[in-house]
Amino acid sequence: MIRDLSHVIPGSVRVNRGKKSLEDLRQEAIKYGLDRVLVVGERKGNPGLLRFYKAAIASITPTNAQVILSGVTLRRELFGKKPERVPHVRELAVAHQPTENLRMFAEALAEGLGTDPPSAASDISEFPDADIVLWVLTHELRSVASFYLCGPLRVREMGPRLFLARLVQI
Numbered sequence: 043m044i045r046d047l048s049h050v051i052p053g054s055v056r057v058n059r060g061k062k063s064l065e066d067l068r069q070e071a072i073k074y075g076l077d078r079v080l081v082v083g084e085r086k087g088n089p090g091l092l093r094f095y096k097a098a099i100a101s102i103t104p105t106n107a108q109v110i111l112s113g114v115t116l117r118r119e120l121f122g123k124k125p126e127r128v129p130h131v132r133e134l135a136v137a138h139q140p141t142e143n144l145r146m147f148a149e150a151l152a153e154g155l156g157t158d159p160p161s162a163a164s165d166i167s168e169f170p171d172a173d174i175v176l177w178v179l180t181h182e183l184r185s186v187a188s189f190y191l192c193g194p195l196r197v198r199e200m201g202p203r204l205f206l207a208r209l210v211q212i
């Protein structure tokens, strides 16, 4: 999943955490000129938690919320063994279908990813102007977040799909 996220989040760098502490991750972020760190926690061997941190020269601090996942569909599961490569994108935006629960997820994701506040979008025609949009929506009665590439001719899902369970406020 981390590989999929690194392919769709603009400017991201994938680092295998291994036994690195948060301080080590802060140093890595500063080395690459980044101000955010995303740690993917696991539950029963699968991705189960998104923990976001703000990295500064002197410290690393958690954002206000963690996102608990109930499941993930990887890009290769959505599109086959060799999913289409995501072209180099520069700008990420977050959008959500207009419900209170989805808005809260979208706000936590936008803060964690360091984007502008999320905007409401009932469908893809209402997406904000960005290269790629993380859209938080209801899909088959579940709260889902997925990345959509916004091209000049069409908008298409790029994945991965993150099934959202709940937020944990910090």
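For the numbering used here, count along the sequence shown from 1 and bump the result up by 42. Heads up, the beta-carbon is just placed ideally off N, CA and C, and yes, glycines get one too.
Annotation note: the region 116-151 contains the following uninterrupted alpha helix (DSSP H) runs of length 4 or greater, listed N- to C-terminal: 117-121. When the five nearest sequence neighbours on each side are left out, the beta carbons in the same chain lying within less than 8 Å of the beta carbon of ILE99 are those of ILE72, in order along the chain. With respect to the 8 Å criterion, GLY113 and PHE205 are classified as neighbours on the basis of their beta carbons. Looking at the backbone, the Cα of ARG117 and that of LEU183 are separated by about 21 Å. Under a 10 Å Cβ-count criterion, SER164 is classified as exposed, with fewer than 16 other Cβ atoms of the shown protein chains found around its own Cβ. A Cβ-Cβ contact shorter than 8 Å links PRO170 with ALA135. Distance from VAL82 to ILE44 at the Cβ level is roughly 6 Å; contact confirmed, criterion being Cβ atoms closer than 8 Å.
Residue state for ILE212 is assigned as coil, using DSSP reduced to three classes. Counting only residues of its own chain and dropping the five nearest sequence neighbours on each side, GLY154 has a CB closer than 6 Å to the CB of PHE94 and THR105.
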